[in-house]
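Notes follow the structure.
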Amino acid sequence: MSERRRTPRPTKRYPWLRPAGANRAGATPRPAPGPPRGEPPAAAADGAPSEVDERSVVDAAVYRDGRRVGTPDSLAATYRRLREETGAMAWIGLYRPSEAELLSLAEEFDLHKLAIEDAMEAHQRPKLERYGETLFVVLRAARYLDAPEEVDFGELHVFVGPDFVITVRHGAAPDLSAVRARMESTPELLALGPEAVLYAILDAVVDGYAPVVAGVQNDIDEIETEVFRGDPEVSRRIYELSREMVEFQRATRPLVGMLHGLMAGFDKYGTDEELQRYLRDVADHVTHTSERVDGFRSALSDILAVNATLVTQQQNAEMRALAEAGFEQNEEVKKISAWAAILFAPTLVGTIYGMNFTHMPELHWVLGYPFAILLMAVVCVSLYLIFKRRDWL
Numbered sequence: 053m054s055e056r057r058r059t060p061r062p063t064k065r066y067p068w069l070r071p072a073g074a075n076r077a078g079a080t081p082r083p084a085p086g087p088p089r090g091e092p093p094a095a096a097a098d099g100a101p102s103e104v105d106e107r108s109v110v111d112a113a114v115y116r117d118g119r120r121v122g123t124p125d126s127l128a129a130t131y132r133r134l135r136e137e138t139g140a141m142a143w144i145g146l147y148r149p150s151e152a153e154l155l156s157l158a159e160e161f162d163l164h165k166l167a168i169e170d171a172m173e174a175h176q177r178p179k180l181e182r183y184g185e186t187l188f189v190v191l192r193a194a195r196y197l198d199a200p201e202e203v204d205f206g207e208l209h210v211f212v213g214p215d216f217v218i219t220v221r222h223g224a225a226p227d228l229s230a231v232r233a234r235m236e237s238t239p240e241l242l243a244l245g246p247e248a249v250l251y252a253i254l255d256a257v258v259d260g261y262a263p264v265v266a267g268v269q270n271d272i273d274e275i276e277t278e279v280f281r282g283d284p285e286v287s288r289r290i291y292e293l294s295r296e297m298v299e300f301q302r303a304t305r306p307l308v309g310m311l312h313g314l315m316a317g318f319d320k321y322g323t324d325e326e327l328q329r330y331l332r333d334v335a336d337h338v339t340h341t342s343e344r345v346d347g348f349r350s351a352l353s354d355i356l357a358v359n360a361t362l363v364t365q366q367q368n369a370e371m372r373a374l375a376e377a378g379f380e381q382n383e384e385v386k387k388i389s390a391w392a393a394i395l396f397a398p399t400l401v402g403t404i405y406g407m408n409f410t411h412m413p414e415l416h417w418v419l420g421y422p423f424a425i426l427l428m429a430v431v432c433v434s435l436y437l438i439f440k441r442r443d444w445l
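Here the working numbering is used: the first residue of the sequence shown is 53, the next is one more, and so on.
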């Protein structure tokens with residue numbers, strides 16, 4: 053990366069941006085590059101774009117003493133205005149920028165190539181890394197979508213330097229226009245510099261978790277009702293919400309450590325007392341949110357176990373009902389079979405004597421008819437007693 057040309061400007065302290073042991077008071081301005089700042093970077097040997105498409109620039113502004121003094125219409129104009137203003141700060145907001153735009157920013161502000169690679173590819177875990185005087189922060193914002201009842205996650209990358217803030221957004225959340233409006237309405241806070249902007253962004257991301265927590269709590273309440281109502285689709289909903297809580301946990305848990313890392317340097321680097329209070333408040337909120345998310349995961353796990361138990365009980369009840377129905381059906385079949393056998397006996401005797409054979413002794417016997425009737429009765433009574441003893445009747 054070529055060196056930078058910059059007119060020296062008065063600098064102020066940015067406590068957590070300095071590398072350990074650096075002396076801000078004696079810091080020297082960065083050396084000048086070959087080509088002037090603001091021009092698009094030349095094509096790299098690996099085929100990097102040579103033109104900058106700036107359609108992803110949402111807002112670019114230059115501030116001095118907490119007030120906007122310029123709204124350049126391009127990155128190049130922002131670079132020039134920042135050089136012209138003494139003690140100024142640039143705040144550049146991008147939404148899914150192109151590679152050429154990121155390379156232009158890297159050329160201008162000496163951004164580390166590893167941070168640029170992360171910003172290009174996105175899908176990074178929340179983290180805070182320091183590259184010289186530049187702080188690179190990755191945040192996972194979240195918002196709750198009421199219609200589909202699901203959590204949508206966005207990714208935000210923030211580059212914070214001595215006189216600039218660059219935000220690279222890879223999702224709908226958070227609404228950084230509201231953050232900018234808030235900071236511009238409180239110039240005394242914005243005058244504290246890039247670290248104040250970083251606080252405002254952190255605060256907006258953490259505040260955005262509150263509606264998500266409320267929405268998830270409502271979903272869990274509904275799921276509990278559906279579980280005890282026996283809704284067959286509740287298992288899928290529990291699983292999907294559990295996966296969202298895993299993502300939510302991955303977004304909030306690292307943020308707790310990041311904020312505590314910033315707070316640990318308050319005394320060492322003399323952080324402004326007002327910012328200390330603000331950052332402690334953000335840390336308290338994110339800690340509370342992280343604990344709630346942990347509680348949600350535990351609750352969903354318990355609900356899933358209860359649902360599995362209820363489903364098992366329901367299946368056992370259904371199997372028992374089927375067994376009872378089969379038993380009753382078997383009893384009815386035995387009764388029908390018993391009566392069919394009893395009725396079959398006289399039919400058999402009557403059929404035989406109804407053949408009218410010439411040489412059938414009983415046909416010409418005086419006691420033949422009483423004998424046939426008696427035989428039928430004996431057979432029927434015998435079968436009845438046998439079936440009755442076996443509880444078939």
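Where a beta carbon is used, it is the ideal one built from N, C-alpha and C, also for glycine.
DSSP, read as helix, strand or coil, puts Arg234 in helix.
For secondary structure counted as the alpha helix (DSSP H) over 4 or more consecutive residues, the segment 138-185 holds these complete runs in sequence order: 151-161 and 165-173. Straight across, the Cα-Cα distance linking Ala193 with Pro124 is about 28 Å. For the pair Phe205 and Gly145, the Cα-to-Cα distance works out to about 19 Å. According to DSSP, Tyr251 shares a beta bridge with no other residue. CA-CA distance, Leu307 to Val338, rounds to 7 Å. By the CB criterion at 7 Å, Val212 and Pro239 fall outside the cutoff. Inter-segment contact for the segment 297-313 and the segment 168-179 is present: three or more beta-carbon pairs are separated by less than 8 Å. Counting the other CB atoms within 10 Å of its CB gives Ala167 a total of 16 or more, which places it among the buried residues. The closest CA to that of Ser353, considering only Leu445, Val190, His222 and Ile290, is found on Ile290.
Between the beta-carbon of Ala397 and that of Val431 there is about 4 Å, and that keeps the pair under the 8 Å contact cut. Going by C-alpha positions, Gly122 is about 46 Å away from Asp271.
Here Val220 is buried. Its C-beta has 16 or more other C-beta atoms within 10 Å. The C-alpha of Val189 is placed about 12 Å away from the C-alpha of Tyr251. Cα atoms of Gly118 and Gly139: separation of roughly 11 Å, rounded to the nearest angstrom. His222 is positioned such that its CB atom lies closer than 7 Å to that of Glu207. Judged by DSSP in its simplified three-state form, Arg107 adopts coil rather than helix or strand. DSSP, read as helix, strand or coil, puts Gly402 in helix.
The three-state reading of DSSP puts His312 in helix, counting H, G and I together.
Here Thr186 really is in contact with Leu163; their C-beta atoms are around 6 Å apart, less than 8 Å.
Nearest neighbour of Leu362 by Cα position, chosen from Ile394, Val286 and Pro413, turns out to be Val286. Sequence-distant partners of Gln367 (beyond 5 residues in either direction) whose C-beta falls short of 8 Å from its own C-beta are missing from its chain. For the pair Val279 and Asn359, the CB atoms are nearer than the 7 Å cut-off. The Cβ atoms of Ala113 and Arg120 lie closer than 7 Å to each other.
Ranked by Cα distance from Ala224, the first of Gln365, Val217 and Leu197 is Leu197. In this structure Leu427 touches Val401 by the C-beta definition: roughly 6 Å separates them, less than 8 Å. In the same chain as Gly267, and ignoring 5 residues on each side of it, the C-beta atoms closer than 6 Å to its own belong to Tyr196, in chain order. In the three-state scheme derived from DSSP, where H, G and I count as helix and E and B as strand, Gly213 is classed as coil.
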